[in-house]
Each structure stands twice: as C-alpha cells, then as structure tokens.
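Going down the list, the sequences are from chains A and B. Going by this note's numbering, 86 is the number at position 86 of the first sequence; the sequence numbering is gapless. Going by this note's numbering, 11 is the number at position 11 of the second sequence; the sequence numbering is gapless. Shown next, in structure tokens, is the structure this report addresses.
Number of protein chains: 2
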Amino acid sequence: MVQYQQELDATFAALADPTRRGILERLGEGSATVSELAEPYGMSLTGLKKHVRVLEDAELVTTEKVGRARRCSLGPRRLDDVELWVGRHRRMLDARLARLGEFLDRTKGEST
Amino acid sequence: MVQYQQELDATFAALADPTRRGILERLGEGSATVSELAEPYGMSLTGLKKHVRVLEDAELVTTEKVGRARRCSLGPRRLDDVELWVGRHRRMLDARLARLGEFLDRTKGEST
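Okay, structure coming up:
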C-alpha cells in the first residue's frame, strides 16, 4: 500500500509539468529520440533529459540506447493507476451529487 | 491555453501527495472541518491547513468559515480536466496498441 502510494506520488508529480505532458503526448504518436523530443521546446538536451528521467522514474516512459541516440517510448503501466484513482474518486463524487439531487427534489415540493 | 496548462500543473501537483489524496477521499464521503480531517493523520492543524490550502488553490476543495471552525468540501471542477487529459492520452495509447496488435496479427502468418 505504501509502495502504491509512492508510485502514485511519482506519477502525479511527473504529470505536473507542461513539458512532460507534452513529451507524453508526442510519444503517444510513436517513439522518438531525445533530440527529436527537444526540438519543439527549443530546450537543451540536458534539460530535456532531466524531464525524460522523471518520466522514466515514474515508469511513464521507457528508453533504450540505439546507436548513439536514446530512443524514448511510452511505458503505459502507471497511467492505469492515475485513471483508476481519478475514476474511483469521481464515482464517489457522482454518488454524492446524486444524493444531493434527490434531497433537493424531495424538498422542493411539487415539480413543474 | 497557458492558463489551462498552469491549472493542470497545480491539479497534478496537488494530487502528488498521499495526505492530500486522503483528504479528497475523506471529503468524498461528505464535508468535514479541518480538525476532523487532521485526526486520522495525527497531524498538527497547521500542517493539515497547508495541505488544504494547496487543494484550495487547485480548486479541488472549497472551504468556508462556520462559527469557529473551517468546513471543507470537494470542489469538483478541476478533476474533470485531469480525467479529460488522462482519458485523451489513454485513447491515443490504445489506438497505438491496436495498430501494433494488427501488425503482429498480419506478420504471424496463420493463427491457431
């Protein structure tokens, strides 16, 4: 349970940055080298590599050395946890809103 | 677009902490005072208030002063953005996996 919480921490923290979300969106279209990923941001390779490492630590991205380049791909596992947590939280919320709606219906007397 | 990105940053960062996720889960069952929220964590009120403020800034929680206590409730708006982003990202990923599956089907010759 502690490990699950730590993984969720790392995943949410990794997603809390527009460059890192952009990298994930780009990798959604297919794998890319670090240089290709850096291009649209006008960012140094060193800067971009730091972002890739955060995503790699959160297992949202996997990388492998191909010749002299490092190729990045999506590592899908941990986004499942995010979706699960958000979805579970939303269902609780929806149930609460439904109860509130029923309460309002009951208390407003005759409906028009 | 910049504001949307900044809001997503704040939302994901707010969710990157087990205490804050715990607070949201607790508030999913109904509103609570800061003291009630602090109880299960054995945390000081000051410590808990900091977490509540982060959630408030991310508009995941709203608070109001009721007598001498501060009552916290869920503010649902921004979780929609998280769900939307994760969902969109997942759909891209699923499409990519489906294409990969088709490719593997085509290349494996006769199926058994």
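A virtual CB, placed ideally from N, CA and C, is assigned to each residue, including glycine.
Name the two residues that bound the continuous beta strand (DSSP E) containing residue i.
i: residue 68 of chain B; result: Residue 68 of chain B -> no beta strand (DSSP E), and no H or E assigned at all.
Should residue i be flagged as near chain C, meaning a C-beta pair shorter than 8 Å?
i: residue 37 of chain B; result: Among the chains of the structure shown, chain C does not appear; the protein chains present are A and B.
Exposed or buried, what is residue i when buried is set at 16 or more other beta-carbons lying within 10 Å of its beta-carbon?
i: residue 54 of chain B; result: buried
i: residue 69 of chain B; result: exposed
i: residue 60 of chain B; result: buried
i: residue 15 of chain A; result: buried
i: residue 84 of chain A; result: exposed
i: residue 88 of chain A; result: exposed
Do you know offhand how far residue i's Cα is from residue j's?
i: residue 19 of chain A; j: residue 105 of chain A; result: 46 Å
i: residue 26 of chain A; j: residue 37 of chain A; result: 8 Å
i: residue 102 of chain B; j: residue 66 of chain A; result: 25 Å
i: residue 9 of chain A; j: residue 108 of chain A; result: 43 Å
i: residue 112 of chain B; j: residue 30 of chain A; result: At residue 112 of chain B, the pLDDT of 48 sits below 50, so the modelled position is not reliable and the matter cannot be decided from this model.
i: residue 24 of chain B; j: residue 2 of chain A; result: 18 Å
i: residue 41 of chain A; j: residue 41 of chain B; result: 41 Å
i: residue 86 of chain B; j: residue 11 of chain B; result: 13 Å
i: residue 5 of chain A; j: residue 13 of chain B; result: 14 Å
Which stretch, first to last residue, makes up the alpha helix (DSSP H) that contains residue i?
i: residue 4 of chain A; result: 2-15
i: residue 38 of chain A; result: 34-38
i: residue 75 of chain A; result: Element bounds for residue 75 of chain A: n/a, residue is neither H nor E.
i: residue 60 of chain A; result: Careful: residue 60 of chain A lies outside any alpha helix (DSSP H) and carries neither H nor E.
Please look up how many angstroms separate the CB atoms of residue i and residue j, rounded, as I've assumed it's under 8 Å.
i: residue 74 of chain B; j: residue 90 of chain A; result: About 11 Å separates the two Cβ atoms, so there is no contact after all.
i: residue 63 of chain A; j: residue 52 of chain A; result: 7 Å
- Task: Could you please tell me which residues of the segment 79-92 of chain A, in chain order, have their CB closer than 8 Å to any CB of chain B?
- Result: 79, 82, 83, 85, 86, 87, 89, 90 and 92
- Interface positions of the segment 4-15 of chain A facing chain B (Cβ-Cβ less than 9 Å), listed along the chain: 5, 6, 8, 9, 10, 11, 12, 13, 14 and 15
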